[in-house]
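Start counting the sequence shown at 1; every next residue gets the next number (the UniProt record's numbering).
We treat Cβ as the ideally placed atom computed from N, Cα and C, and that holds for glycine.
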Amino acid sequence: MPEAGSPRQNRRAHYDKNSLKVIFNVFINDPFMRYAVYILECHNGAYYVGMTNNLERRLSEHHEGLDPKSYTFNRRPVKLVFQEYFQNVNHAIDFEKQIKGWRREKKEALIARNWDLLPELAKNYSLKSKED
C-alpha cells in the first residue's frame, strides 16, 4: 500500500450525502484497475462524464466523432481533465452517476483534486436550495 502523499497514491472520493463526509479510498494507475471514470472538457467549456473499461480506446472514439448523436460530437475537440480507476465495475458506475449529478463548481474541485472542498460545496448548495 503506498504511503499517504506518495506519488503512487491517488484518491477516489465518495460523497455521502447524509453525513457530508468524503471517504477516501486509495487507488492508482494500477494494471488491475480495469474501469475508468473520466471527465472531458469540451471545446465550449462543458464537461462530459463517462465510464469505460478501455480509456485509450474511448478517448479515441470521442476524438474521432464516431457517433453524430453523442454529446461530444459537436463539442470537439475534447480534453481529458480527470480520470480515476476502479477494480469493481459497480463502484465505477456508482461514481460516474454520482459526479454526473454534481454542479460545475464541485466537478471543478474534483478535477483540481481539492478533496477538502467537496463537502463544503455540497453544504453550500444544500443551504442555497433551502433559502430559495
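Give me whichever residues DSSP pairs with residue i in a beta bridge.
i, result
"K79", "E41"
"Y48", "L40"
Between the Cα of residue i and the Cα atoms of the options, which residue gives the shortest distance?
i, options, result
"P77", "L40, Q83, A112 and H91", "L40"
"R34", "A92, L121 and A112", "A92"
"L80", "A109, H62 and D94", "H62"
"Y38", "G101, E96, E64 and N44", "E96"
Within the same chain, show all residues whose beta-carbon is closer than 6 Å to that of residue i, passing over the 5 residues directly before and after it, in chain order.
i, result
"A36", "T52, L55, Q83 and Y85"
"I99", "V49"
"R58", "T52"
"N104", "The identity of residue 104 in the sequence shown is Arg, whereas the question assumes Asn. Taken in chain order, the list of residues that qualify is empty."
"Y71", "Y48"
Below 8 Å between beta carbons: does that hold for residue i and residue j?
i, j, result
"A122", "K106", "yes"
"A112", "L118", "no"
Excluding sequence positions up to five away, which residues of its chain have a Cβ less than 7 Å from the Cβ of residue i?
i, result
"A46", "R75"
"G65", "F73 and R76"
Excluding sequence positions up to five away, which residues of its chain have a Cβ less than 8 Å from the Cβ of residue i?
i, result
"N44", "R75"
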